[in-house]
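In what follows, a structure is listed as structure tokens, so that the remarks can point back to it.
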Amino acid sequence: MTAQKGATGRDGLAMLGGCRAVPRELRIAAWPAVTEQDEEAVRRVLASGRFTSASSGEREIPALESDWARQVGTRHCVAVGNGTAAISLALGALGVEPGDEVIVPALSFIATAAAPLHLLAVPVFVDIDPRTFNMVPAAVEAAITPRTKAIVVVHLHGLPAEMDEIGAIAARHGIAVVEDAAQAHGAEYRGRQAGSMGAINTFSLNVSKNLATCGEGGLITTDDPELATRATMLRQFGELIPDRGERSYVSHMLGWNNKPGAVQAAFTRSQLERFPQEAKQRDENVRQLLARIAELPGFLPPQVPEDRTHAWHILRFRVDAAAFGLADRLAGPLRAAVQRALRAEGVPAAPYQLMPLPAQRVFRERRGLGGHPWALPGVPERPYREADFPVTLRVIDDSFTIQKAHLHPGAGPLLDRYADAFAKVWEHRDTIAQYAASLPYTPPWEQAAKTAEAEWARAFGPTEPQASAGSAESSEGKCR
Ligand SMILES: Cc1ncc(COP(=O)(O)O)c(C=O)c1O
123 MTAQKGATGR
133 DGLAMLGGCR
143 AVPRELRIAA
153 WPAVTEQDEE
163 AVRRVLASGR
173 FTSASSGERE
183 IPALESDWAR
193 QVGTRHCVAV
203 GNGTAAISLA
213 LGALGVEPGD
223 EVIVPALSFI
233 ATAAAPLHLL
243 AVPVFVDIDP
253 RTFNMVPAAV
263 EAAITPRTKA
273 IVVVHLHGLP
283 AEMDEIGAIA
293 ARHGIAVVED
303 AAQAHGAEYR
313 GRQAGSMGAI
323 NTFSLNVSKN
333 LATCGEGGLI
343 TTDDPELATR
353 ATMLRQFGEL
363 IPDRGERSYV
373 SHMLGWNNKP
383 GAVQAAFTRS
393 QLERFPQEAK
403 QRDENVRQLL
413 ARIAELPGFL
423 PPQVPEDRTH
433 AWHILRFRVD
443 AAAFGLADRL
453 AGPLRAAVQR
463 ALRAEGVPAA
473 PYQLMPLPAQ
483 RVFRERRGLG
493 GHPWALPGVP
503 ERPYREADFP
513 VTLRVIDDSF
523 TIQKAHLHPG
533 AGPLLDRYAD
543 AFAKVWEHRD
553 TIAQYAASLP
563 YTPPWEQAAK
573 TAEAEWARAF
583 GPTEPQASAG
593 SAESSEGKCR
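Here the working numbering is used: the sequence shown runs in plain steps of one and ends on residue 602.
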């Protein structure tokens, strides 16, 4: 590659041997931060001898449930084992059954689309908006069929989706809305909290999340007492467990074992006390970073419409090929070049999702339960093709993210250096552009397909596993 004048030497790009914009001593603070108060909360549970929601007299879990219901503004909250189970249980409480369709966004974490599958419901994907990265209301409406039972709306990266528009569409068609607010603790939409707007809504408390636990956890929120009772039954074998007195051990319906742990509840309650101040500080830190990046025409920082707030769980930046003097078709290689340059400078720029969810093998090759739900009688043939989600593909190709490094409220100075790194990369844009234009490039989803093949072969040998019944897409999937 030919370096721009001044691109090499001490002040040059770190990937060409220059000094890093982010000094090595400036480390990413561990998340979640663990204080003495958190440790004390955990010790309290250990001393109590009551470890799960099934332990008679356990108080931390109900206390977390009422704290979180108050925070979100719903009448009820049900704690569960993790955020994925929270979605399955919410859908189960709504009465989603095998063969029903559940609309989900094409860009999200796999859990959003795996959760319907756990109930043998068919995930139906819709494309996203290129500015908010959330599902497009018109695409949701176009995906509705007589089999649609629910819409799982994800507030991706912490920015609330178009809830009023989606809510109106759902109401018109008599379909329930479930908010998957796993990434959006505390975010607001038109004055309402994420997780208070759907019929029943879910959060994750996974260690990676803005409100975390020490391990795995999830929360379900709803105003509907019957849905809350059903979700509570589903988390424990379909039983109705009384607050006091004897447990009957009667399974009224099929349920799972997705009980929450008391240690995790106590830890999160302790974190919750600091949550509002930490979220405020994070908002300030991130806004400062984004204000500096907004001055660099080559980067498109996340947008926040005026009627909502962002929880800043993940920061996604798109690159502008034209600003770098490149043709639009080089946006992917440019993103790869920028990502590499930023990483060398010390910014943990990384992808979030290498492919649209429908391109995941589990869907495209129909690796459900014995080919179900797709093989169920009456379920229409529905190919999962990544090409049907052009905006998701484009966003995956031309953007990268920063995850976790910005979550700690003390991350301000680090983020300032990250802004320096972005500025430095922009300063050396001609070198970056030349590098991008010469880069051998495979789009992330094609690269991921190759990795998947190799990974499978390492685990199970070179023979390709048998694709499930009815998989019109399976061989095509291998070639992409
Ligand atoms: C959008 C989204 N939904 C659901 C989940 C699942 O949560 P958990 O990891 O707690 O099962 C996650 C977790 O990463 C997520 O980001």
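A virtual CB, placed ideally from N, CA and C, is assigned to each residue, including glycine.
These numbers were taken from a predicted model, which means no experiment stands behind them.
With a threshold of 16 other CB atoms inside 10 Å of the CB of residue i, please say whether the residue is buried or exposed.
| i | result |
| --- | --- |
| Thr270 | buried |
| Glu282 | It should be noted that the sequence gives Pro, not Glu, for residue 282. Counting Cβ neighbours within 10 Å, Pro282 comes out buried, since at least 16 surround it. |
| Met137 | buried |
| Gln588 | Only weak support exists for where Gln588 lies, its pLDDT of 48 falling under 50; the coordinates are left without a value. |
| Asp450 | exposed |
| Glu161 | exposed |
| Ala264 | exposed |
| Arg483 | buried |
| Leu448 | buried |
| Leu452 | buried |
| Cys601 | With a pLDDT of 30 at Cys601, under the threshold of 50, the modelled position of this residue cannot be trusted, and the question is left open. |
| Ser318 | buried |
| Met355 | buried |
| Asn379 | exposed |
| Val244 | buried |
| Lys526 | buried |
| Thr573 | exposed |
| Met375 | exposed |
| Arg486 | buried |
| Glu368 | exposed |
| Arg146 | exposed |
| Pro364 | exposed |
| Pro562 | exposed |
| Glu182 | buried |
| Pro220 | exposed |
| Asp222 | buried |
| Gln425 | exposed |
In angstroms, rounded to a whole number, what distance separates the CA positions of residue i and residue j?
| i | j | result |
| --- | --- | --- |
| Pro427 | Pro566 | 29 angstroms |
| Glu406 | Ala152 | 19 angstroms |
| Ser392 | Asn332 | 14 angstroms |
| Ala463 | Ile415 | 15 angstroms |
| Leu229 | Val262 | 14 angstroms |
| Asp520 | Leu362 | 50 angstroms |
| Trp548 | Arg142 | 15 angstroms |
| Glu348 | Gly583 | 49 angstroms |
| Val469 | Tyr540 | 6 angstroms |
| Leu327 | Gly289 | 25 angstroms |
| Ala545 | Gln159 | 39 angstroms |
| Ser175 | Ala306 | 25 angstroms |
| Val156 | Gly337 | 13 angstroms |
| Thr324 | Ala581 | 34 angstroms |
| Asp510 | Arg352 | 36 angstroms |
| Ile273 | Ile225 | 5 angstroms |
| Gly493 | Gly500 | 14 angstroms |
| Glu577 | Ala571 | 10 angstroms |
| Asp286 | Val275 | 12 angstroms |
| Ala207 | Asp302 | 11 angstroms |
| Ser590 | His432 | Because Ser590 sits at a pLDDT of 41, beneath the cut-off of 50, its placement in the model cannot be relied upon, and the following sentence gives the value as read from the coordinates. Whole-angstrom Cα-Cα distance: 40 angstroms. |
| Ser170 | Leu394 | 21 angstroms |
| Ala260 | Glu284 | 11 angstroms |
| Leu278 | Ile518 | 13 angstroms |
| Val372 | Thr267 | 37 angstroms |
| Leu135 | Leu476 | 26 angstroms |
| Arg465 | Ala471 | 6 angstroms |
| Pro398 | Ala163 | 19 angstroms |
| Gly140 | Phe173 | 53 angstroms |
| Ala443 | Asp552 | 12 angstroms |
| Leu418 | Pro502 | 48 angstroms |
For residue i, which beta-bridge partners are listed by DSSP?
| i | result |
| --- | --- |
| Leu491 | His494 |
| Glu310 | Gln315 |
| Glu223 | Val244 and Thr270 |
| Phe439 | Phe522 |
| Phe421 | Val441 |
| Ala201 | Leu341 |
| Thr335 | Its beta-bridge partners do not exist; DSSP assigns none. |
| Val299 | Ile273 |
| Thr174 | Gly383 |
| Thr324 | Asp302 and Ile342 |
| Arg430 | Tyr311 |
| Gln358 | Asn379 |
| Ile250 | Met257 |
Flag residue i as yes if its beta-carbon sits less than 8 angstroms from any beta-carbon of chain B, otherwise no.
| i | result |
| --- | --- |
| Glu568 | Protein chains in the displayed structure number just one, and chain B is not present. |
| Would you call the region 403-419 and the region 335-354 touching, i.e. three or more CB-CB distances under 8 angstroms? | no
| query | Per the contact definition of three or more C-beta pairs closer than 8 angstroms, is the region 202-212 in contact with the region 235-254? | reply | yes
| Contact between the region 191-208 and the region 372-387 (3+ Cβ pairs under 8 angstroms) | yes
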